[in-house]
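Undergrad: Take 1 as the starting number for the sequence shown in full-length UniProt numbering and just add one per residue.
We put the CB at the ideal spot given by N, CA and C, even for glycine.
This is the structure I want to talk about, given as structure tokens.
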Amino acid sequence: MNDKEFSSQFQSLLVPQSEVICSPKKNLTGCLRIAKDIVADLYNAIQKWNDSHIRGAQCVKQIAILKSDNRELTTQLEDYLNSLYIIVQNLRCLEEQFALFKSQIRALEKIEKKSENIFLSLNVLGLAKLIESIVDAYREEFKVKEVILENIAHSKNKHEVMFYATCWTLQANITSDTNFKLELILLETGHLKICT
């Protein structure tokens, strides 16, 4: 196939530029501003979640080591359990923020009934579905973290405590699909730049 045949089979694709990407220095107002702020707040909350998750994983690892060596409650084990409790309370605050973001985007969806894209390829309904999906994943993961906190100290053997430690570290509800959706809304709203 030569170049002429190849170029005649394909047409150029024109991607509409969103107001957010075209004029990043311009102050946004209305629906665009609210949507972009919700996405920024969600991203910041997820960064705090990740920090707490890592600190919690370190606590859970130490709890697993101590519980594997000794089934009795020691002061060191109690200190790690108290630290884990504080971390889960921080996650609870973030989970409440996630619920707020979900209600904010639902309210925006009710106000903005236009089906046209507000960003590169998403309208408000599409953005709302993505945010709700991300929020639901983190809220489900919070429930797992609570169960781990409530049960890890009472684990009967090494296998049980290792199961709880693995569950904390794995975060099975937060999948690569969840991370992809987060990256997508960050790109759509102009928080991440598209590399060309």
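Just how far apart, CA to CA, sit THR166 and LEU149?
TA: Start at 1 with the first residue of the sequence shown, and residue 166 comes out as number 166. Start at 1 with the first residue of the sequence shown, and residue 149 comes out as number 149. For THR166 and LEU149, the distance between alpha carbons rounds to 13 Å.
Undergrad: Can at least three beta-carbon pairs, one atom from the segment 70-81 and one from the segment 40-47, be found at a separation below 8 Å?
TA: A contact is defined here as three or more CB-CB pairs under 8 Å, and the segment 70-81 fails this definition with respect to the segment 40-47.
Undergrad: What are the start and end residues of the alpha helix (DSSP H) that includes LEU100?
TA: For this step, residue 100 is matched to residue 100 along the sequence shown. Segment 75-111, the alpha helix (DSSP H) holding LEU100.
Undergrad: Just to confirm, are ILE185 and ILE131 a CB contact at a threshold of 8 Å?
TA: As a working mapping, residue 185 is identified with position 185 in the sequence shown. As a working mapping, residue 131 is identified with position 131 in the sequence shown. A contact, by the Cβ cut-off of 8 Å.
Undergrad: Do you know how far the Cα of SER115 is from the Cα of ASN123?
TA: Your numbering for residue 123 matches position 123 in the sequence shown. Your numbering for residue 115 matches position 115 in the sequence shown. Looking at the two C-alpha atoms, the distance is approximately 6 Å.
Undergrad: Quick one: what's got a C-beta closer than 8 Å to LEU192's C-beta in the same chain, skipping five residues either side?
TA: By 1-based counting over the sequence shown, the position of residue 192 is 192. Cβ within range, chain order: GLU183, LEU186.
Undergrad: Whose C-beta lies closer than 7 Å to the C-beta of LEU91 among residues of the same chain, with five residues either side of it excluded?
TA: Start at 1 with the first residue of the sequence shown, and residue 91 comes out as number 91. Excluding sequence neighbours, LEU91 sits near TRP49, SER52, PHE142, LYS145.
Undergrad: How far does the alpha helix (DSSP H) with ILE146 in it extend, from its first residue to its last?
TA: Working through the sequence shown from its first residue, we reach residue 146 at position 146. Checking the sequence shown, residue 146 turns out to be Glu, not Ile. GLU146 -> alpha helix (DSSP H) spans 124-151.
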